[in-house]
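Beneath this line is the structure, given in structure tokens, with notes to follow.
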Amino acid sequence: MNQTTRRTHGWWWLLAALVVTCVVYWPGLSGAYIFDDYPNIVDNHGVQPEHADLGSLARAALSSPSSEFKRPLASLSFAANYLASGLDPYWMKLTNLVIHLLNGLVLFLLAKRILRLAAPASYGDEGTAGRVAALIAAGWLLLPINLTAVLYVVQRMESMANLFVLLGLLGYVEGRCRMLADPREDRPSPANRYFLVCLASLVLPTAVGVLAKETAVMLPLYAATIEWVLFGFRTRAGKRDLRVIGLFLAVLVLPLVTGLAWLLPGLLRPETWAQRDFTLHTRLLSEARIVSDYVAWTLLPTPGALSFYHDDFVVSSGLFQPWSTFAGLLALAVLLALALWLRRRRPLVALGILLFLGCHLLTGTILRLELVYEHRNYFASFGLLLAIVPPLAALGSTDAPMFALPRRALLAALAVWWIGMTATTAIAWGDPLHLAKELAARAPQSPRAQYELGRTYIIYSHYDPASRFTHLAYAPLERAAALPKSSILPQQALIFMNARMHLPLKDAWWDSMVAKLKAKKPGVQDESSLGALTDCAREQLCDLPKDRMVEAFLAALSHPDPSARLLASYGNYAWNVLDDHALGLRMTQAAVEAAPSEPAYRITLVRMLIALDQKHEALRALGGLQILNLAGRLDDTIHRLQAQLGGLDASASQ
17 MNQTTRRTHG
27 WWWLLAALVV
37 TCVVYWPGLS
47 GAYIFDDYPN
57 IVDNHGVQPE
67 HADLGSLARA
77 ALSSPSSEFK
87 RPLASLSFAA
97 NYLASGLDPY
107 WMKLTNLVIH
117 LLNGLVLFLL
127 AKRILRLAAP
137 ASYGDEGTAG
147 RVAALIAAGW
157 LLLPINLTAV
167 LYVVQRMESM
177 ANLFVLLGLL
187 GYVEGRCRML
197 ADPREDRPSP
207 ANRYFLVCLA
217 SLVLPTAVGV
227 LAKETAVMLP
237 LYAATIEWVL
247 FGFRTRAGKR
257 DLRVIGLFLA
267 VLVLPLVTGL
277 AWLLPGLLRP
287 ETWAQRDFTL
297 HTRLLSEARI
307 VSDYVAWTLL
317 PTPGALSFYH
327 DDFVVSSGLF
337 QPWSTFAGLL
347 ALAVLLALAL
357 WLRRRRPLVA
367 LGILLFLGCH
377 LLTGTILRLE
387 LVYEHRNYFA
397 SFGLLLAIVP
407 PLAALGSTDA
417 PMFALPRRAL
427 LAALAVWWIG
437 MTATTAIAWG
447 DPLHLAKELA
457 ARAPQSPRAQ
467 YELGRTYIIY
477 SHYDPASRFT
487 HLAYAPLERA
497 AALPKSSILP
507 QQALIFMNAR
517 MHLPLKDAWW
527 DSMVAKLKAK
537 KPGVQDESSL
547 GALTDCAREQ
557 LCDLPKDRMV
567 EAFLAALSHP
577 DPSARLLASY
587 GNYAWNVLDD
597 HALGLRMTQA
607 AVEAAPSEPA
617 YRITLVRMLI
627 ALDQKHEALR
637 ALGGLQILNL
647 AGRLDDTIHR
657 LQAQLGGLDA
667 SASQ
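Just so you know, we're using the working numbering here: the sequence shown kicks off at 17 and counts up by one.
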């Protein structure tokens, strides 16, 4: 085999992996939206612009309800999809698949470079390094745990952010390699120039990546891990490189200290965790189990583990409650100790473990996020594959031939399992009812999974009382409502369905909903449920008893510091359904005070004040709205409101 053929072998293997990935994922592209796709895309009119003008794009960029930082790059990509093909989820999912394939390509290049740096004796040959890197990329592309980053449309935020993370790491590693390369005899050392490449590779991709999702801030930590394991913060002469050390002090340590100083005071207050069923202490205990489980879910996944909905997870209340908490902590400690011990002996394994653990430092520690999500392993899974694929592939020159065959057989068996599970799951994702049944079966104790099955039956019923899907909807919704830790979504769905079909509403549904709202501060799903019932009553599609709706709102508002969204929903209900304009105005004003940077509440307030003929107050509220008019995103709305205010003057002069 000639040298050129050996060099291109890895590329052919990668091409085969990309083709197989397309084939495996293709059935899932025909599926529907699910879960958080609705608030972020389907119900988010900001990412559904009519034209690609500056104001519409600015409105789209700042429309995400998922984060205070708005994730504008991801939102703009959803808007671009909408401008090209409307809300058809097929094209949204296809775009996700393209991003996933691009990530696989960059990951291949990064893995090949890391292999040659970490184990030159085994992977100094470019052909061997290319083939093993292609196996790593292929495994990562086809891992079942990474499926939600492709077929769950909203998780484009995760995959897009990691595209910039991978590009940044590739640029950093290449820059450091060039800094350490021997200078040519006929020109000065290029180390200074390539130090700037390293700097740019950390700063620019991080800055762009966080516009898709905040997880891109982990790029400097990943780069520091690679630096420590492979380069040792040293110059070509073997001395400490103060420039590199200073670089990480500036882009990693300083932002980390600043971020902790900003976040910790709030996170240490008990009221911060009021909407969660865990505290900072129990979250940290629980995450020890979860991160340990992620290792098994990545390498030896089962359908029950990868159930998409994980709201049935039992929070750890103590070191041995459950006992797996201590086991999880011990497993993480062993992994960390193993990585430190292997840093010089097996740098690839050490680096892979450290990248996996490092990835979960953001989402698996102190932040007030939900406990479990599979897509949080999108980058972390690369670390695990970097640790296990090279020794199992046994393609390096130092591998013992007598152990090569069983190792390769194990790797082949893992690959077949990964491909098979990803393929069967993708087929389920291609049909909404099939997916709902599959996920409900995988997680029988998950309120969300049971609710989603009931909701899907309602959609298929088309609100026909005689439809068989109508009768099928009750059981999973009733089951979801009775499960511990469930929100009021199941009760809302039962009430909504029967009201739309003019069927009797059970008092037990209302009583259960009110009891849950009184027992715990409402979460996002609870607020969405009340908003959905309000909209249905406002549009006169649902005949809902007003006394029970008011009782539900008052129960939700009985907790300290109600959210702006909840206040605005009650204001909407009071104004449009109860015809109590004074209450509606008061609630909307409270919503503006609770979220002064959210224009939607100010827009509603101005409209209410105009309707009440309160011109001066409306002008003041409009002035506050104009301050939020970044890049002209609110121009059309402001012009319409100004025209309505002009109408007040005209009517007053007559």
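Ideal Cβ placement from N, Cα and C applies to all residues, glycine included. Note that this is a predicted model, so its numbers are computed, not measured.
Among the options, the one whose alpha carbon lies nearest that of residue i
{"i": "Ile382", "options": "Leu641, Leu300, Ala584", "result": "Leu300"}
{"i": "Val530", "options": "Met517, Cys558, Ala497", "result": "Ala497"}
{"i": "Ala515", "options": "Gln556, Thr318, Ala482", "result": "Gln556"}
{"i": "Phe94", "options": "Pro55, Arg359, Thr438, Ile443", "result": "Pro55"}
{"i": "Leu377", "options": "Pro363, Leu246, Val233, Arg424", "result": "Val233"}
{"i": "Ile50", "options": "Val39, Gly146, Thr164, Leu121", "result": "Thr164"}
{"i": "Ala596", "options": "Ala489, Asp577, Met624", "result": "Here the sequence assigns Asp to residue 596, which means Ala is not the residue at that position. For Asp596, the nearest C-alpha among the options comes from Met624."}
{"i": "Ala150", "options": "His25, Ala349, Ala429, Leu661", "result": "His25"}
{"i": "Leu185", "options": "Glu386, Ala343, Ala239, Gly71", "result": "Ala239"}
{"i": "Val269", "options": "Leu235, Leu283, Pro281", "result": "Leu235"}
{"i": "Val148", "options": "Leu280, Leu402, Met173", "result": "Leu402"}
{"i": "Asp69", "options": "Ser332, Glu614, Gly648, Gln658", "result": "Gly648"}
{"i": "Ala100", "options": "Gly71, Val63, Ala74, Leu78", "result": "Val63"}
{"i": "Ala312", "options": "Leu272, Leu265, Trp434, Val245", "result": "Trp434"}
{"i": "Gly143", "options": "Met176, Trp27, Leu34", "result": "Trp27"}
{"i": "Leu183", "options": "Ala197, Leu118, Val365", "result": "Leu118"}
{"i": "Ala489", "options": "Leu499, Pro500, Pro506", "result": "Pro506"}
{"i": "Leu345", "options": "Trp357, Thr298, Ala96", "result": "Thr298"}
{"i": "Leu364", "options": "Ser340, Gly44, Phe324, Val405", "result": "Val405"}
Limits of the unbroken alpha helix (DSSP H) element including residue i
{"i": "Ala77", "result": "70-77"}
{"i": "Val566", "result": "562-572"}
{"i": "Met517", "result": "Careful: Met517 lies outside any alpha helix (DSSP H) and carries neither H nor E."}
{"i": "Tyr490", "result": "484-498"}
{"i": "Arg623", "result": "615-627"}
{"i": "Ser503", "result": "Where Ser503 is concerned, there is no enclosing alpha helix (DSSP H), given that its DSSP letter is neither H nor E."}
{"i": "Arg464", "result": "463-477"}
{"i": "Lys537", "result": "Looking at the DSSP string, Lys537 is not in any alpha helix (DSSP H), and its letter there is neither H nor E."}
{"i": "Trp313", "result": "296-315"}
{"i": "Gln605", "result": "597-610"}
{"i": "His450", "result": "448-458"}
{"i": "Leu635", "result": "631-643"}
{"i": "Ser397", "result": "396-409"}
{"i": "Ile115", "result": "105-134"}
{"i": "Arg359", "result": "Element bounds for Arg359: n/a, residue is neither H nor E."}
{"i": "Arg87", "result": "It is not in any alpha helix (DSSP H) - Arg87 carries neither H nor E in the DSSP assignment."}
{"i": "Val166", "result": "164-167"}
{"i": "Tyr589", "result": "580-592"}
{"i": "Ala277", "result": "270-283"}
One or two residues paired with residue i in a DSSP bridge
{"i": "Gly334", "result": "Gln337"}
Burial state of residue i, where buried means 16 or more other Cβ atoms lie within 10 Å
{"i": "Val305", "result": "Note that residue 305 is Arg in the sequence shown here, rather than Val. When all chains shown are included, Arg305 counts as buried."}
{"i": "Asp202", "result": "Any reading at Asp202 must be qualified, since the residue scores a pLDDT of 40, below 50, and its modelled position is unreliable; no value is offered."}
{"i": "Asn588", "result": "buried"}
{"i": "Ser502", "result": "buried"}
{"i": "Val582", "result": "Before going on, a small fix: residue 582 reads as Leu here, not Val. Burial call: buried."}
{"i": "Arg495", "result": "buried"}
{"i": "Ala391", "result": "The sequence shown places His at residue 391, not Ala. Buried, because 16 or more other Cβ atoms sit within 10 Å of the Cβ of His391."}
{"i": "Asn60", "result": "buried"}
{"i": "Leu650", "result": "buried"}
{"i": "Trp591", "result": "buried"}
{"i": "Ile261", "result": "exposed"}
{"i": "Asn208", "result": "exposed"}
{"i": "Asp104", "result": "exposed"}
{"i": "Ile643", "result": "exposed"}
{"i": "Tyr586", "result": "buried"}
{"i": "Pro520", "result": "exposed"}
{"i": "His632", "result": "exposed"}
{"i": "Gln670", "result": "For Gln670, the predicted structure reports a pLDDT of 48, less than 50, and the residue's modelled location is therefore unreliable. The matter cannot be settled from this model."}
{"i": "Leu549", "result": "buried"}
{"i": "Pro204", "result": "Its pLDDT being 47, under 50, Pro204 is placed unreliably by the model, and the measurement read from it follows with that caveat. With fewer than 16 Cβ atoms within 10 Å of its Cβ, Pro204 is classed as exposed."}
{"i": "Trp29", "result": "buried"}
{"i": "Val330", "result": "exposed"}
{"i": "Arg256", "result": "exposed"}
*What are the complete alpha helix (DSSP H) segments, minimum 4 residues, inside the region 200-255?*
Within the region 200-255, the complete alpha helix (DSSP H) runs of at least 4 residues are 207-225, 235-242.
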